[in-house]
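Read the structure below first, then the notes.
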Amino acid sequence: MKIEILTSHKDILGVASMKDGDPREVNTSRSPQLAATMIPTIETSLRLLNLIKEENFLRVVVGTYTIVVQREHGYIIAACITTGHDIAKSLHRMIRRAAKPARGKKEVDGG
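Everything in the sequence shown is counted per my numbering, starting at 31 for the first residue and increasing by one.
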């Protein structure tokens with residue numbers, strides 16, 4: 031997983047991730063602009079999507095924040111942005127890219 035795609039973006043305020051089906055280990059990262067009190071809300075949003083097996087996407091609006099939660103490639107990833115921000119249009123694609131396994135170098139058969 032390449033979560034730094036999300037954590038390094040200046041407009042994404044917080045990110046949380048976990049393996050699909052394993053809510054015990056949640057990894058979080060937040061920018062200084064995001065209130066620390068939002069971290070439990072982001073983590074709970076991950077766990078909520080984990081409970082709803084028939085859906086792959088969830089959007090939670092809390093005051094001035096929007097949390098986009100998505101199931102991709104065996105992970106559940108949540109990203110928190112300011113409600114109404116333009117980045118929302120590309121956030122699904124960014125989450126999909128972040129969840130993709132890192133590509134290894136192809137081995138060349140020297141035979």
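Ideal Cβ placement from N, Cα and C applies to all residues, glycine included. Just so it is clear, the structure is predicted and the values come from calculations on it, not from any experiment.
Grouping DSSP H, G and I as helix and E and B as strand, with all else coil, what is residue i?
i           : result
residue 125 : helix
residue 37  : helix
residue 112 : strand
residue 32  : coil
residue 74  : helix
Spell out the partners DSSP gives residue i in its beta bridges.
i           : result
residue 88  : 99
residue 57  : 47
residue 106 : 48 and 101
Terminal residues of the continuous alpha helix (DSSP H) containing residue i?
i          : result
residue 67 : Element bounds for residue 67: n/a, residue is neither H nor E.
Quick check on the burial criterion: 16 or more other C-beta atoms within 10 angstroms. Buried or exposed for residue i?
i           : result
residue 97  : buried
residue 66  : exposed
residue 75  : buried
residue 127 : exposed
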